[in-house]
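S.K.: In this text, residue positions in the sequence shown follow this note's numbering: the first is 709, and each later residue adds one.
The C-beta atom is built at its ideal place from N, Cα and C for all residues, glycine as well.
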Amino acid sequence: MTVYLRSLFSAVLFVLSFSAYAQNFSILGKVVDAENTPIELANVILLQGEEKEFLIGTSTDDNGYFNLVNLSQNTYYLKISFIGLEEFEQKIVLTGDLDLKTILLKEISESLDEVTIVAKKPTITRKPDRLVFNVENTALVEGSTLGVLKSTPGVIVSKQGINIKSAPAAIYINERRVQLTSDELMQLLESAPANSIKSIEVITNPPASYDADSGSVINIIMSKNLATGYRGSVQTNYTQGVFPRYNAGTSHYFKNNKVNLNLNYNYTNQKINRDQDDIVNFLENTNPNPNGEEIYEIDQIWKSNTNRNTWSETHNLNVNFDYFIDDKNTLSLTSTGLYMPYFKYRVKNETDKFDENGSFESSFKADNLSLDNKYNIGTDLVFRHNFDNNSNITFNGHFTIFDYERNQDVFQDEPGILNDSEFNTLANQDTKILTGQVDYSLPIEESSSFDTGVKYSNVNTESDIVRLNIINGNDVLDEDNSDAFKYNEKVLAVYANYSKSWDTWDLSLGVRTEQTNIEGTSISLNETNTQDYFNWFPNASLTHNISDDVSISANYKRSITRPSYTNLNPFTFFLNENTVVLGNPNLLPTYTDNYKISLDFLKNFTLSAYYTNYDGAIEELPRQNNETNVVAYTPTNLDKRVDYGFDLEFNYYPSNRFNIYAVSSTYNINEEVNFGNGFVELNQWSQLFILSSGLTLLKDNSLNVNATFWWLGRNLQNLQSVDDRLISTLSISKSLLKDKAVLSLSVDDIFNMQDYDVSINYLNQSSSRFIDSDNRFVKIGFSYKFGNTKLNTNERSTSAEERDRLKDLN
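1. Closer than 6 Å by C-beta to LEU1200: which residues in its own chain qualify, once you throw out the five before and the five after it? Chain order, please.
2. Rounded to the nearest angstrom, what separates TYR1004 and TRP1419 at their Cα positions?
3. Which residues bound the alpha helix (DSSP H) around ASN1275?
4. Of the residues PRO1123, GLY1086, ASP1128, which one's Cα is nearest the Cα of PHE1110?
5. Using a Cβ-Cβ cut-off of 8 Å (strictly less than) and excluding sequence neighbours within five positions of SER1071, which residues of its own chain qualify?
6. Excluding sequence positions up to five away, which residues of its chain have a Cβ less than 8 Å from the Cβ of ASP1128?
7. Can you give me the Cβ contacts of LYS1311 inside the same chain, cut-off strictly under 8 Å, excluding the 5 residues immediately before and after it?
8. Applying the 10 Å Cβ sphere with the 16-neighbour rule, what's the burial state of PRO1362?
9. Does the separation of the CB atoms of ASN1084 and ASN1026 fall below 8 Å?
10. Which one or two residues does DSSP pair with ASP807 in a beta bridge?
11. With DSSP as the reference, please indicate the residues paired to TYR1319 in a beta bridge.
12. Going along the chain, which residues of its own chain have a beta-carbon closer than 8 Å to the beta-carbon of GLY1384, five neighbours each way excluded?
13. So THR853 packs on LEU897, CB below 8 Å; how close in whole Å?
14. Below 8 Å, can you find three or more Cβ-Cβ pairs linking the stretch 1259 to 1269 to the stretch 1035 to 1052?
15. What did DSSP end up calling LEU1295 once you bin it into helix, strand or coil?
16. Please report the distance separating the alpha-carbon of ASP986 from that of GLU1327.
17. So is ASP1080 in contact with chain B if we call contact Cβ pairs under 8 Å?
18. Terminal residues of the continuous beta strand (DSSP E) containing ILE1260?
19. To the nearest angstrom, how far is it from the Cα of ASN1484 to the Cα of ASN1136?
20. Report the option in VAL1486, TRP1393, ARG1331 whose CA atom is closest to the CA atom of TYR946.
21. Decide if the stretch 1246 to 1256 is in contact with the stretch 1209 to 1220; the criterion is three or more beta carbon pairs, one per stretch, under 8 Å apart.
22. Expressed to the nearest angstrom, what Euclidean distance is found between the alpha-carbon atoms of ARG838 and SER924?
23. Reducing DSSP to helix, strand and coil, say where ALA827 ends up.
24. Sorry if obvious, but does the Cβ on THR1280 come closer than 7 Å to a heavy atom of the ligand ZN?
25. Here's the rule I'm using: 16 or more other beta-carbon atoms within 10 Å means buried, otherwise exposed. How should THR1437 be labelled?
26. Hey, would you say GLY772 sits closer than 8 Å to LYS738, going by beta carbons?
27. Just to confirm the assignment, what range does the beta strand (DSSP E) spanning VAL1455 have?
28. Express the C-alpha separation of PHE1309 and SER1255 in angstroms, rounding to a whole number.
29. Residues in its own chain within less than 6 Å of LEU1323 by CB, not counting five upstream and five downstream?
30. Is it buried or exposed, LEU1406, if we count other Cβ atoms within 10 angstroms and call 16 or more buried?
31. With the cut-off set at 8 Å, would you say GLN811 and ILE735 are in Cβ contact?
32. For PHE1103, which option in ASP1075, LYS1073, ASP1096, THR1160 has the closest C-alpha, if you only look at C-alpha atoms?
33. In chain order, what residues of the same chain have a beta carbon less than 6 Å from the beta carbon of SER1394, not counting five sequence neighbours either side?
34. Taking SER1372 as the reference, which of TYR1203, ASP1480, GLY1353 has the closest Cα?
35. What would DSSP say about VAL1522, mapped onto helix, strand or coil?
36. Rounded to whole angstroms, what's the CA-CA distance from ILE1268 to HIS1106? Just pull it up for me.
Structural data, given as structure tokens:
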């Protein structure tokens, strides 16, 4: 028995020692280029067996060496690659340690005697519910993300926000909603480099999985990080507008078999200028005419020149971490943070008063200086499980904390008036958002799928404002303009979406239901506003391919737009004693029904017609009080708004080096509202032309040029007539240093025709203004990639519909 045990023990030791020895083989080598220069950070991948399954990967060190260890006796395929060089591949039957000595990566050969066709996605692809604008490898990605949106077909970027034509658009990144206020969003997109953007989706009919207030969606698709290793980049740009602006940032991406991490940081320092000339005709009511209509005549004319300057420093940080627990389970942590330690807002106003005949009467000056600071941090924790039947379930928990403070000093001096107006306001807003969401996706067949989910959100915001009037050098509390406001909102949503394709048909059907409970309380006024409502939000898309060149599609979508938390505050913010911004605690949500049919024909043309009805559209309206001479900007629910029109699009790619996109859109906007002292109905037909082209030059395709032009005819916005304007952008980029570096140049508002006039003329409202924004500038940028430059980023942003309604105190 003892001999047997000894023999067995010896055999076990032999097997273990053999196994240990067998698992300790290595493959090493050195990678150089044609000039025998070591290549740092070349991608080295080892595939196993005849099926070439991925086994292990590494990168070469700064001397070009690599070493793959702990390998067993087997058949392998070694692949080595580096951007701009031919890929090396070798079959290896490993029976012991192997030194491959020096491996040469050759330059990619080019020949003028033959033409190589490189597959390249079209710049624009049309789908039943969306338009996909592919921007990879174009000059656009060497600018900012906001610059790409400005050149995206159908998207209009202005100081008021980002619209698809005249309707506000919800911004998503990789199908997750961006969690910033509208102002923060513009700052983020302006500072964020676009070199990781793959495409922009303009979704006019989002499926039910999107939040119910996503009437129209812009989804920014970032490239996915598929390879293992590390990649980093630094970028900076200088912009010269009225004043200089600076931006710098860095991005880092790392991936191995278990971890996927990316970190992005941007710093922006800028000063923005805006000039505005206003004319307000304050009216007096005279006797009605024989038809009973009110007659108004000019009582006074106020002409103002306002200069606004903003100085700001902004830090943006975005962290995404994925941990691959195993093949079926992934845990992700995503956090987006914005910190603005310095924001100075100065408004200088000079106003001259004239009588009805244009004779000068008096004047006053008003200075407004605000100092702000804020931070906005949103974090998501996501768990995803993949089932054996290719279905998956995702759990998402989200938390946002938003804090904003404003210290404002206002001084208004009117010659001849002894008691000039001087006051100070302190305003704060603290918002916390907590959401939980579960989504389940089930592929039923190869041609159909089913998605369902549930989401719960709880929003709490507390705001307060204190106004101190400065009288004889003393602070006196102004109780009429001091208040505190508490807001609580709870929303429970459930959705389901089904899609199927067969023969020449594609169908998508979805429905989302939401139960909303709201309570807003004004402390000083002792008023509480409550809202409880339950709604259905269906959507449908149907496409029929009549032939290879002809297809027809139809879409319907119902959505909701809830008022921003700040708009609900019953506060009054004074730019000066005669220009104020009001909150409206009685605002109701907007319900939108959108219908659209499209015909694609002759491969390059699309003809579409649409009709959109807004029930209770929320618009901030400037309203003049002819008795107090105060102009108040007030968010208001319109009784009705209807948009409809016809679009003809042309999309042509004569070669891989050139593309052109053109649009002619004829549309009508109708707005109606009853102010109590009369009914207003305004109607305006408008015309929109878009021309966008891209061109790739030089033998190595290293020079890219993109030009975009928008002509917007006279149109209607917020019961105001907006004159025509031309929006123009030219972007040029040149790759350098074996595609590791990019030098870019862009020019906005080339023809200085982007500023515009606005006029108001209805009932007792009569005014006009000219807006001269700081939108004409030249931007020079430089970016440099290091590490494994063949990697792509999987950057994304977190999702919370509720955060989009955060709004600065104004």
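M.R.: Result, derived from the coordinates:
1. Position 492 of the sequence shown, counted from the first residue, corresponds to residue 1200. Counting only Cβ-Cβ distances below 6 Å, and skipping sequence neighbours, we find TYR1164, GLN1223.
2. Position 296 of the sequence shown holds residue 1004. Position 711 of the sequence shown holds residue 1419. Their Cα atoms are separated by approximately 35 Å.
3. As a position in the sequence shown, residue 1275 is number 567, starting the count at 1. First-last of the alpha helix (DSSP H) with ASN1275: 1273 to 1276.
4. Here the question's residue 1110 lines up with position 402 in the sequence shown. Checking every option, the nearest Cα to that of PHE1110 belongs to GLY1086.
5. Residue 1071 sits at position 363 when you count from the first residue of the sequence shown. The answer, listed in chain order, is GLU1058, THR1059, ASP1060, LYS1061, GLU1122, PRO1123.
6. For the purposes of this step, residue 1128 is taken as residue 420 along the sequence shown, with counting starting at 1. Contacts found: PHE1119, GLN1120, ASP1121, GLU1122.
7. Working through the sequence shown from its first residue, we reach residue 1311 at position 603. If we look at LYS1311 and ignore the five residues flanking it on each side, its Cβ neighbours are ASP1257.
8. Looking up residue 1362 in the sequence shown gives position 654. The residue in question, PRO1362, is exposed, as its Cβ has fewer than 16 Cβ neighbours within 10 Å.
9. In the sequence shown, residue 1084 corresponds to position 376, counting from 1. In the sequence shown, residue 1026 corresponds to position 318, counting from 1. No, these two residues do not count as a Cβ contact at 8 Å.
10. Counting from one through the sequence shown, the residue named residue 807 turns up at place 99. DSSP lists LEU736 as partners of ASP807.
11. Position 611 of the sequence shown holds residue 1319. The partner list for TYR1319 (beta bridge, DSSP) reads TYR1303, TYR1352.
12. Here the question's residue 1384 lines up with position 676 in the sequence shown. There are no such residues.
13. Stepping through the sequence shown from its first residue, residue 853 is reached at position 145. Stepping through the sequence shown from its first residue, residue 897 is reached at position 189. About 4 Å separates the two Cβ atoms, so the contact holds.
14. no
15. For the purposes of this step, residue 1295 is taken as residue 587 along the sequence shown, with counting starting at 1. Of the three classes helix, strand and coil, the one that applies to LEU1295 here is coil, per DSSP.
16. Position 278 of the sequence shown holds residue 986. Position 619 of the sequence shown holds residue 1327. If I take the Cα positions, the gap works out to 20 Å.
17. Of the protein chains in this structure there is only one, and it is not chain B.
18. Reading the sequence shown from its first residue, position 552 is the one you call residue 1260. Start and end: 1259 to 1269.
19. Along the sequence shown, one-based indexing puts residue 1484 at 776. Along the sequence shown, one-based indexing puts residue 1136 at 428. One point to set straight first is that residue 1484 is Arg, not Asn, in the sequence displayed. Rounded to whole angstroms, ARG1484 to ASN1136 spans 34 Å at the Cα level.
20. As a working note, residue 946 is residue 238 in the sequence shown. TYR946 has its Cα closest to that of VAL1486, out of VAL1486, TRP1393, ARG1331.
21. yes
22. For this step, residue 838 is matched to residue 130 along the sequence shown. For this step, residue 924 is matched to residue 216 along the sequence shown. Computed Cα separation, rounded: 10 Å.
23. Counting from 1 along the sequence shown, the entry for residue 827 is found at position 119. Unreliable placement is indicated for ALA827, whose pLDDT of 33 sits below 50; no coordinate value is reported for it.
24. The ligand ZN is not among the ligands present in this structure, which contains no ligands whatsoever.
25. As a first step, residue 1437 must be located in the sequence shown, where it is residue number 729. Buried, by the Cβ-count rule.
26. For the purposes of this step, residue 772 is taken as residue 64 along the sequence shown, with counting starting at 1. For the purposes of this step, residue 738 is taken as residue 30 along the sequence shown, with counting starting at 1. Yes, the Cβ-Cβ distance between GLY772 and LYS738 is below 8 Å.
27. Counting from 1 along the sequence shown, the entry for residue 1455 is found at position 747. Residues 1449 to 1456.
28. Counted from its first residue, the sequence shown places residue 1255 at position 547. Counted from its first residue, the sequence shown places residue 1309 at position 601. Their backbone Cα atoms lie some 9 Å apart in a straight line.
29. Taking the first residue of the sequence shown as 1, we reach residue 1323 at position 615. Sequence check: residue 1323 is Asp here, not Leu. Hits under 6 Å: TYR1299.
30. Locating residue 1406 in the sequence shown gives position 698, where the first residue counts as 1. It is exposed - the Cβ of LEU1406 has fewer than 16 other Cβ atoms within 10 Å.
31. Sequence index remark: in the sequence shown, residue 811 carries index 103 (1-based). Sequence index remark: in the sequence shown, residue 735 carries index 27 (1-based). Note that residue 811 corresponds to Ile in the displayed sequence, not to Gln. The answer is no: Cβ separation not under 8 Å.
32. The count along the sequence shown starts at 1 and reaches residue 1103 at position 395. It is THR1160.
33. Residue 1394 sits at position 686 when you count from the first residue of the sequence shown. Counting only Cβ-Cβ distances below 6 Å, and skipping sequence neighbours, we find TYR1375, GLY1421, ASN1423.
34. As a working note, residue 1372 is residue 664 in the sequence shown. Among TYR1203, ASP1480, GLY1353, the Cα nearest to that of SER1372 belongs to GLY1353.
35. Absent from the model: residue 1522. The displayed extent of the chain is 709 to 1518, so no value can be given.
36. In the sequence shown, residue 1268 corresponds to position 560, counting from 1. In the sequence shown, residue 1106 corresponds to position 398, counting from 1. Between ILE1268 and HIS1106, the C-alpha separation is close to 21 Å.
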